[in-house]
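In what follows, a structure is listed as structure tokens, so that the remarks can point back to it.
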Amino acid sequence: MLVHSRTGRWASWIVFAVLFVPLFAVPLLVIVAASFSTHWSGALPSGPTTEHYTAAVRGESLQALTTSLVTAAAASLLALTLGTWAALAAAALRGRGRRALDALFVLPLAVPSVVVGLAVLVAFSRPPLLLNGTRWIVILAHTVLVTAFAHQSVSAAIRRLDPMYEQAAAGLGARPSYVLFRVRLPLLLPSLSAAAGLCFALSMGELSATMMLYPPDWTPLPVLVFTATDRGSLFTGSALAVVLMATTLLVLLAVSRIRTKASYR
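Just so you know, the working numbering puts the end of the sequence shown at 1264, numbered straight through with nothing missing.
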């Protein structure tokens, strides 16, 4: 920590606990407790049961989890590809060209996600690109929403790269494509894996735009959580939310291990 005195460190930990516990830890713990409960007793859920998880890992819920995983994986891959390409292209530009390209990819962050969903719905509801009512419109909307994060993450990593490696490879006669795939991208691998994990997590939890676009046969898990709680099935919705959180965390842990190994290459 940046605080060097013992009193200052204790004060920092106390402030952290006061802010973190009520704002982050307690709501999550209540959701976990509710997922194992059947009713409320006073201010806390009670009536221990595991029936909600039995329903949360089979049938419609399992299909929704699979839909979320496929959507997040596809959107993350597309966003990482587009964001990396844009970041590499922007690095070769100067002045207004770079600023215009950066602004174009950051634009979805400047508007609410429900506006992005409406824009995608209007743009792709007529030929020649008629995607409305298909899974592809959901994947496309998620890609639009998370590409900005991939672009910003990779752009920051490119700015930190030491150009000495690329210059040495070029000075030895390496072609630009060889420098890109054998020097530059391997150096960016830790940042690429981090960007992929961020995009995946954001896509797994996306709801606003998804509610406007999803077809009946392509229902992501966040939509199922919302509909369950909207019907008053709070405990079932809590179990679905815990499954969503746990799955996302497991994938992020796997990505973190890949990132760690890439850092030591």
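Note that beta-carbon positions come from the ideal geometry of N, C-alpha and C, so glycine has one too.
For clarity, every value in this text was computed on a predicted model and none was experimentally measured.
For residue i, which option in the options has the closest C-alpha, if you only look at C-alpha atoms?
| i | options | result |
| --- | --- | --- |
| A1227 | L1239, D1216, P1185 | L1239 |
| S1045 | A1032, M1244, L1212 | A1032 |
| P1111 | H1150, A1208, P1175 | A1208 |
| L1184 | M1203, L1160, A1200 | L1160 |
| L1077 | A1194, R1256, L1212 | A1194 |
| L1106 | I1138, S1255, F1148, W1009 | F1148 |
| R1134 | L1028, A1099, M1211 | M1211 |
| R1097 | A1024, S1011, R1158 | R1158 |
| L1144 | F1104, G1170, P1175 | F1104 |
| A1088 | L1171, V1119, L1179 | L1179 |
Looking at the secondary structure, which residues open and close the alpha helix (DSSP H) in which residue i lies?
| i | result |
| --- | --- |
| W1135 | 1134–1159 |
| L1130 | Neither: L1130 is in no alpha helix (DSSP H) and is coded neither H nor E. |
| F1015 | 1005–1019 |
| L1100 | 1095–1105 |
| T1083 | 1058–1090 |
| F1180 | Segment: none, F1180 is in no alpha helix (DSSP H) and carries neither H nor E. |
| F1199 | 1184–1203 |
| S1112 | 1112–1122 |
| G1170 | 1163–1170 |
| L1027 | 1025–1034 |
| L1212 | 1207–1212 |
Do you know offhand how far residue i's Cα is from residue j's?
| i | j | result |
| --- | --- | --- |
| P1162 | A1090 | 12 Å |
| S1232 | G1116 | 27 Å |
| T1235 | P1026 | 16 Å |
| D1229 | Y1177 | 54 Å |
| A1102 | R1125 | 28 Å |
| T1146 | L1191 | 12 Å |
| L1130 | R1005 | 60 Å |
| A1086 | S1075 | 16 Å |
| A1167 | V1069 | 41 Å |
| W1009 | F1015 | 10 Å |
| P1127 | L1061 | 34 Å |
| T1053 | A1073 | 28 Å |
| L1100 | T1049 | 51 Å |
| A1156 | G1007 | 33 Å |
| L1206 | I1013 | 34 Å |
| V1113 | V1121 | 12 Å |
| P1021 | A1245 | 21 Å |
| L1028 | H1051 | 16 Å |
| L1018 | A1109 | 28 Å |
| F1035 | R1256 | 31 Å |
The beta strand (DSSP E) with residue i in it runs from where to where?
| i | result |
| --- | --- |
| P1044 | 1043–1045 |
| W1217 | Careful: W1217 lies outside any beta strand (DSSP E) and carries neither H nor E. |
| S1040 | 1038–1040 |
What residues in its chain sit with their C-beta under 6 Å from that of residue i, if we drop five residues either side in the sequence?
| i | result |
| --- | --- |
| Y1164 | V1182 |
| N1058 | Contrary to the premise, residue 1058 reads as Gly rather than Asn in this sequence. Around G1058: no qualifying Cβ. |
| A1268 | For the chain, the structure presents residues 1000 to 1264; residue 1268 sits outside this window and is missing. |
| T1142 | A1074, L1077, A1078 |
| T1037 | G1046, T1048 |
| V1224 | G1236, L1239, A1240 |
What do you reckon, is the C-beta of residue i under 7 Å from a heavy atom of the ligand GTP?
| i | result |
| --- | --- |
| H1150 | No copy of the ligand GTP occurs in the structure displayed, which carries no ligand at all. |
Among the residues of its own chain, which have a CB less than 8 Å from the CB of residue i, if the five just before and after it don't count?
| i | result |
| --- | --- |
| L1186 | L1160, Y1164 |
| Y1213 | V1137, P1219, V1222 |
| F1123 | L1129, L1130, N1131, I1136, L1139 |
| G1173 | The amino acid occupying residue 1173 in the given sequence is Ala; Gly does not appear at that position. R1181, V1182. |
Take residue i and list the residues in its own chain whose beta-carbon comes closer than 7 Å to its own, dropping the five residues that flank it on each side.
| i | result |
| --- | --- |
| M1203 | S1067, A1071, L1243, T1247 |
With a threshold of 8 Å, are at least 3 pairs of Cβ atoms found where one atom belongs to the stretch 1062–1071 and the other to the stretch 1210–1224? Taking 8 Å as the limit for Cβ pairs, the verdict is that the stretch 1210–1224 does touch the stretch 1062–1071.
Pairs of beta-carbons, one from the stretch 1137–1153 and one from the stretch 1075–1087, closer than 8 Å: are there three or more? yes
Count the C-beta pairs between the stretch 1199–1216 and the stretch 1241–1252 that are closer than 8 Å, then say yes if the count reaches three, no if not. yes
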